[in-house]
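Residue numbers (my numbering): 633 to 1601.
Structure follows, in structure tokens:
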């Protein structure tokens, strides 16, 4: 209706059936959502009970536990919302869904917080008993579990919060110990002394999953190792008195490891040469450490680079050198007899001539390759050089007590004086050839953000390559399990596979206080773990009753029974927190398996149907769960794995509090509502990194408004609709058949998208349907019939029947994504019908499938677009006020108008009339409708005044008003 009705003797506004609904245009979500949450009550319990009454199939989503530390952030919100999409969509598809939210509670971040609290009270950690310290950690974690739980609930997350799990629960710790015992008793566990990634700041070993890489500037040094011995197959003059002693040159970015050097590695396939220096660069501000006459052994490919670094301008290649059979002196031997040992040359496959000198300085206590090549050549003694605090042991000549890394004060995490001291001593010994600086990627602890070092320590490992009972190794079993797992997206399979293929043995011990202990005893005579089922059972029982703290406080005899406590050593290391979380399936799912005797109302099954976390968990939770399941049960604890990317700011930059570019989910919920945040999650491609910020959220708000307006229009148009009004399919006009066909298409699409976790492919097509098929086409065409036809007209009944079907599907399809808004819409229309969340998607009749009708309306739309452009131009030129003032003539080639057969073109064009004329290309001439204007519908049609009782109305409107008058007399 484009303009106000002309003045008539009667005001017909009361007779127009305008949409009426209490569903407001403005969402007011921040105020409404808490009310809806209150109304839902134990929604999860309600949904499970309903599906179990229906004997629904069971679906299990096992929760990867967030860390119980701080408020939730945008990463939490993305992750938990995606999980909620899975849970709610599976309920919608007719499943009984098991989802128990959990929390990871042990580990360093909480330890640090508690250390800070004690320091603020003037107490150092070593002044606090382990019992008191662990109790403080437990209290801290409990506080944040409660806080995060409430924040997740406010986001609309549905799950079994009443029975949430936490890795610090006594029963959880007991189950973790029991899982650890399975590895111990199967022979997969061993104690080894080898270099591991060590964090001096945290005073513990770290696993691969606890490492992240950052750019770091390291000192680089080229060091000379004087050759002191050679086998007979080397040239006689190699060590002749008439020439200077040749030196093998190594290059390293860790000068602090030079005191730990015990060998030099070389590549058997690399070509090496003996070079004599003939000239040095002149005019330097400092005297270079090389001089003419020096003889240096390096890889031929790298010789020029080495000489450039040493300021050597001219040299002579004397002859080929085979490093095999050479021996060197340690470069610090002249300064202290503690370095007076020989340094052998060892062949190693890890040596390349891509960079450096072609030789690798080998410190077996500080590098995995160094350790392996040292052992492979029959050497067993590995020197201990650096203590747990990152300082040289008192026994290290020249450098005792010097810090490699600072662990206290403002310089915590910075490299200490060790590097500089070593370089100064090398200069003093005359064996530093050159030095520089290099920016490179260096491993850091993901918790402390401080650099780590490789350090030889005795630790507990799980073997990756020993045969299990099945005959396959843990690595082989895990790789087979990866092949048997579905990955979303599929690229995840190759990513985790490559990690498992190349990973070392699983380091599971940590030297910290807050965690689940490696609760076992070691025979002091054999060094082997005690294998006694009764002892293990006593340990597990005690932990289940008293928590893991009992391991540190109870006397050994309480566990050992008849065994002599004096013979056994209690292990007080704690387990890698990834072992904790990797075992969650054992205490979250296992106890509720019907095959294990469970008869309650919260059944689960194993393995879980899905694990869902960020893509970084390929080396974290996914992998630890995979290894734990394969090591104890022979397969992965999951059937499928879904990964999502990370959330960046609007510019695509990583979020950081220091940058001020973070987006707080709690602020979004407070200002706009949880459904806005959830709609954003549904709209992004979660498999990639996503962006969020004010501008992006405004776009989401705009999309939400369009969706809300669609619902509001449907609710208004469906006021007082009842079953008596419903029209069967065979009486539907073509337009209604087309909309039903679109519902049929979308229904199949939505079901498939939900089944495959493609939430973006649910919301985007549905929003496009609302915008294009409904608002721009169907609602606009049927507006006249809805407002002005008499209530019992077939056209109006058909429209309302179809709108009912649309409403029933929209509120179901979008319930998992925007549950608050769909609940509000549903209960507005059906206040006594129960929660919208309990519904399943309505069955869609196959008879609605009508490709011919879709083809017809695609052809009509081609013409309609041209007509709409012409009407808009006429409106701009003020030829017409609105479309109902127009009577267009549309010209088009033969056959173009065939789809219009049986239809009213004017109704489709939303004009008062229309002429269709065959001609050449499609063109439109817009004329003013030359007929009186109906005072009720504002159409300009020839039959206005044809009914004497209503002279200012069209025949259709006169009939409708007469009906209204009769029913309102």
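Virtual Cβ for every residue (Gly too), placed ideally from N, Cα, C.
Nothing here was measured: the structure is a model prediction, and the numbers come from that model.
| Query | Result |
| --- | --- |
| Alpha carbon of residue 1367 to alpha carbon of residue 1560, nearest angstrom | 27 Å |
| Opening and closing residue of the alpha helix (DSSP H) in which residue 1219 lies | 1216–1220 |
| Cβ-based burial, residue 1225 [other Cβ within 10 Å; buried from 16] | exposed |
| The segment 1353–1371 touching the segment 1301–1317, judged by at least three CB pairs closer than 8 Å | no |
| Selection from 1086, 1133, 1081 and 1118 that minimises the alpha carbon distance to residue 1106 | 1133 |
| Contact the segment 1389–1403 vs the segment 1328–1338: 3+ CB pairs below 8 Å | yes |
| Per-residue DSSP class, three states only, for residue 1088 | strand |
| Selected residue, minimal CA-CA separation from residue 1348, among 1358, 1385, 1305 and 1457 | 1457 |
| Pairwise C-alpha distance: residue 1595 and residue 1563 | 25 Å |
| Buried versus exposed call for residue 794 [16 or more other C-beta atoms within 10 Å across all chains shown] | exposed |
| Spatial neighbours of residue 1577 in its chain, beta-carbon cut-off 6 Å, leaving aside the 5 residues before and after | 1583 |
| Residue 1187 beta carbon near the ligand FAD (any heavy atom closer than 6 Å) | Although the ligand FAD was asked about, the structure shown includes no ligands whatsoever. |
| Rounded Cβ spacing between residue 672 and residue 1494 (contact assumed at less than 8 Å) | Actually they do not touch by this definition, with Cβ atoms about 47 Å apart. |
| Buried versus exposed, by CB contacts within 10 Å (16 or more), residue 775 | exposed |
| For residue 1322: DSSP bridge partner residues | 1279 |
| Through-space distance from residue 870 to residue 858, alpha-carbon basis | 12 Å |
| Cβ shell of residue 1345 (< 7 Å), same chain only, five flanking positions each side left out | 651 and 1411 |
| For residue 1034, three-class secondary structure by DSSP | coil |
| Under 7 Å between C-beta atoms of residue 887 and residue 1088 | no |
| Segments of 3+ residues assigned as beta strand (DSSP E) that fall wholly inside the segment 1100–1150 | 1118–1120 |
| Whole-angstrom C-beta distance between residue 1276 and residue 1256, which should lie under 8 Å | Not a contact, Cβ separation roughly 19 Å. |
| Euclidean distance between Cα positions of residue 1538 and residue 1483 | 24 Å |
| Three-state secondary structure (DSSP) of residue 1389 | coil |
| Distance, residue 1274 Cα to residue 1121 Cα | 7 Å |
| Short Cβ contact (7 Å threshold) for residue 1569 with residue 1420 | yes |
| Bridge-paired residues (DSSP) for residue 959 | 861 and 976 |
| Beta-carbon gap between residue 1520 and residue 1492 smaller than 7 Å | no |
| Below-7 Å beta-carbon distance, residue 1180 vs any chain B residue | Looking for chain B here will not work: only one protein chain is present. |
| Rounded C-alpha distance that separates residue 1446 from residue 1325 | 24 Å |
| Under 7 Å between C-beta atoms of residue 1590 and residue 1597 | no |
| Whole-angstrom distance between residue 1103 and residue 820, CA atom to CA atom | 13 Å |
| Where the alpha helix (DSSP H) containing residue 708 begins and where it ends | 706–724 |
| Cut-off 6 Å between Cβ atoms - residues of its own chain near residue 925, not counting five sequence neighbours on either side | 876 |
| When 995, 1018 and 1140 are compared against residue 1007, the one with the closest alpha-carbon | 995 |
| CB contact flag (residue 693, residue 881, <7 Å) | no |
| Buried versus exposed call for residue 1426 [16 or more other C-beta atoms within 10 Å across all chains shown] | exposed |
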